[in-house]
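Reading through the structure tokens given below for one structure.
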Amino acid sequence: MSFPIPIILLIYRRPHTLAQVMAVLRNLQPTRMLIVADGPRPDCPTDPAAVAATRMVAEVLDWPCEVTRIYAEANMGLRSRVESGISAAFELVERAIILEEDCVPGPSFFPFCSELLERYADDPRILSIAGNDFYARSSSRQSYRFSIYPHCWGWATWRRAWQIYDGPMHEWPRLRTSGWLETYLGDRRAAQAWRRTFDRTYTGEIDSWAYRWLYSCWRQEGLSISPTRNLVRNIGFGAGATHTTAADGPFAALPITDLLWPLQHPAQVAADSRADRALQRSLYAPDLRWRIGWWLTRQWRRWQR
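Each number in the working numbering corresponds to the 1-based position in the sequence shown with 18 added.
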């Protein structure tokens, strides 16, 4: 078995989670891999050993595979390393599937990405393909939906899409008070929440390349593809994570569900506004009703233990 789509693998200092990702890749046997690694932080004494151990796990490629290593000797930080690493990778390949060291794909993820990378290769409206279903309430027979939210826990994209990435968010100072967010989102509360997030991202208070990618996609009015089943499991929640620190959070370790084949394609290319509104209320800016519901769910789970 071999898999022709290039894999960009983002690694840092979590060898135990990476081992699970590598087990999946070993079964898949991709013929092209580009490994992006950050260096150890100078003020963290455990980083050198953890970084070295993680790279050792990534180096065990016991199948025919062309490998490019994009390694940083010194720590660049999350945003800079991911930005520069993906950009360097797309100088070498036209399309790729992107995985992090703590995101474990299920069996449907790779054929899903492969088919849709080909189907939408030349469609400028489509900027990425996600592996996660955070909506999880679909009764649709369709295999995927279109969304304005580009999820990045296992995803795929093209060089032509990554070229729109605006890391510095050049236009944000002008756009923040222009009414752009209100017009684009059609929701004042959501616009206020994203204005705060983009403000903190622009100043560097939030060290996130993913929010900058989302901003870039919105500037182009681009769409992402989201499966109607969850195809990737993030096992990195908890201690040691950069952002996903809540081990009992509502999206921690979502179970994987397989898709049915052949894929059933949506009739039209347009965002699923109902699903996107639900994502905004639950994932990005939870309202009071949702927070109370989740608090009650968490208390029930703890009581059941």
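All C-beta atoms, glycine included, are put in the ideal place defined by N, C-alpha and C.
- request: Give a single yes or no on whether residue 175 has its beta carbon closer than 7 angstroms to a heavy atom of the ligand COA.
  value: Questions concerning the ligand COA fall outside what the structure shown contains, since it holds no ligand whatsoever.
query: With which residues is residue 50 paired in a DSSP beta bridge?
result: 84
- prompt: Exposed or buried, which one is residue 80 when buried takes at least 16 other CB atoms within 10 Å?
  reply: exposed
query: In whole angstroms, what is the alpha-carbon distance linking residue 181 and residue 237?
result: 13 angstroms
Stretch-stretch touch, CB-based, cutoff 8 angstroms, three pairs: the stretch 221–238 with the stretch 125–139: no
message: Would the stretch 279–287 count as touching the stretch 196–207 if we require 3 or more Cβ pairs under 8 angstroms?
response: no
message: Only counting the same chain, and skipping five residues up and downstream in sequence, which positions put a Cβ closer than 6 angstroms to that of residue 124?
response: 249, 274
task: Give the C-beta separation of residue 144 and residue 26 to the nearest angstrom, bearing in mind that I take them to be a contact with Cβ-Cβ under 8 angstroms.
output: Rounded, the Cβ-Cβ distance is 18 angstroms, inconsistent with contact.
query: Helix, strand or coil: which one does DSSP assign to residue 264?
result: Annotation note: pLDDT 46 at residue 264 (below 50); position unreliable, coordinate value reported separately. Residue 264 falls in the coil class under three-state DSSP.
query: Looking at the structure shown, is residue 22 part of a helix, part of a strand, or coil, going by DSSP?
result: coil
query: Residue ranges of each alpha helix (DSSP H) run of no fewer than 4 residues wholly in the stretch 139–221, ordered along the chain?
result: 177–180, 190–193, 198–203, 206–221
message: Would residue 46 and residue 116 be called neighbours here (beta carbons separated by less than 8 angstroms)?
response: no
message: Restricting to Cα atoms, I'd like to know which of 93, 24, 126, 97 is closest to residue 246.
response: 126
message: Please identify the residue among 64, 133, 101, 289 whose C-alpha is closest to the C-alpha of residue 23.
response: 133
- request: Would you list the residues sitting across from residue 324 in a DSSP beta bridge?
  value: What the structure shows of the chain is the stretch from 19 to 323, and residue 324 is not part of that stretch, so it cannot be assessed.
field: Assigned secondary structure, residue 233 (DSSP; H/G/I helix, E/B strand, else coil)
entry: helix
message: If you measure between the beta carbons of residue 93 and residue 66, is that distance less than 8 angstroms?
response: no
message: Using only the alpha-carbon positions, how far apart do residue 257 and residue 288 sit?
response: Bear in mind that a pLDDT of 48 at residue 257, under 50, signals an unreliable position, so the model cannot answer this.
- request: Look at residue 242 and residue 97 and say whether their C-beta atoms are less than 8 angstroms apart.
  value: no
query: In its own chain, which residues sit with a C-beta less than 7 angstroms from the C-beta of residue 119, not counting the 5 before and 5 after it?
result: 28, 29, 30, 32, 35, 36, 39, 72
message: Taking only three categories from DSSP, how would you classify residue 102?
response: helix
- prompt: Should residue 62 go down as buried or exposed, given a rule of 16 or more other Cβ atoms within 10 Å for buried?
  reply: exposed
- prompt: How about residue 185 and residue 230: do their beta carbons lie closer than 8 angstroms?
  reply: yes
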